[in-house]
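Residue numbers (the numbering used here): 13 to 154.
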């Protein structure tokens, strides 16, 4: 078991990683997706999906931040919340990998967005792993 302080740091680090993903997707991915001129591109469907991803990442970061600040130790509710957000982060990472794979064939104009999507999926997976470690290592009492 880890110390409460180290678990709090892990949760805050995970929250920060989720914020980074949200910012990168909002600033580095959505603008090129809006301008994608590939014949198969559907920005009217992709952009809302990316904004949904951004929103879930920001919500997850807020939940993890509040949990890090308010939690006094492991409880069933805390473990469920951490497990839920780890699962959501993994699903978001899979969605980003799928988008990166799709945009990889859209030519050089989408190369930066593709690289950023792969980067964001890796960061999202790292955040999910840290959340899982937090859930496992969190002591019963602070």
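From the three backbone atoms N, C-alpha and C, an ideal C-beta is built for every residue, glycine too.
Note that this is a predicted model, so its numbers are computed, not measured.
Start and end residues, alpha helix (DSSP H) containing residue 108: If you look at residue 108, you'll find it in the alpha helix (DSSP H) that goes 88-115.
Element boundaries [alpha helix (DSSP H), containing residue 43]: Bounds of the alpha helix (DSSP H) holding residue 43 are 42-46.
Beta-carbon spacing of residue 72, residue 37 below 8 Å: No, the Cβ-Cβ distance between residue 72 and residue 37 is not below 8 Å.
DSSP-derived helix/strand/coil call for residue 25: Residue 25 falls in the helix class under three-state DSSP.
Contacts around residue 58, its chain only, beta-carbon distance under 6 Å, and the 5 residues preceding and following it disregarded: Cβ within range, chain order: 45.
Contact under 8 Å by Cβ, residue 112 with residue 124: Cβ atoms of residue 112 and residue 124: not closer than 8 Å.
From 106, 148, 31, 22, residue whose alpha carbon lies closest to that of residue 91: Ranked by Cα distance from residue 91, the first of 106, 148, 31, 22 is 148.
7 Å CB neighbourhood of residue 135 in its chain, flanking five on each side removed: Here residue 135 has 29, 32, 33 as same chain residues with Cβ atoms under 7 Å from its own Cβ, once five neighbours each way along the sequence are excluded.
Limits of the unbroken alpha helix (DSSP H) element including residue 70: Where residue 70 is concerned, the enclosing alpha helix (DSSP H) stretches over 55-82.
Alpha helix (DSSP H) segment containing residue 15, residue limits: If you look at residue 15, you'll find it isn't in any alpha helix (DSSP H); DSSP assigns it neither H nor E.
Cβ-based burial, residue 146 [other Cβ within 10 Å; buried from 16]: Within a 10 Å sphere around the beta-carbon of residue 146 sit 16 or more other beta-carbons, which makes this residue buried.
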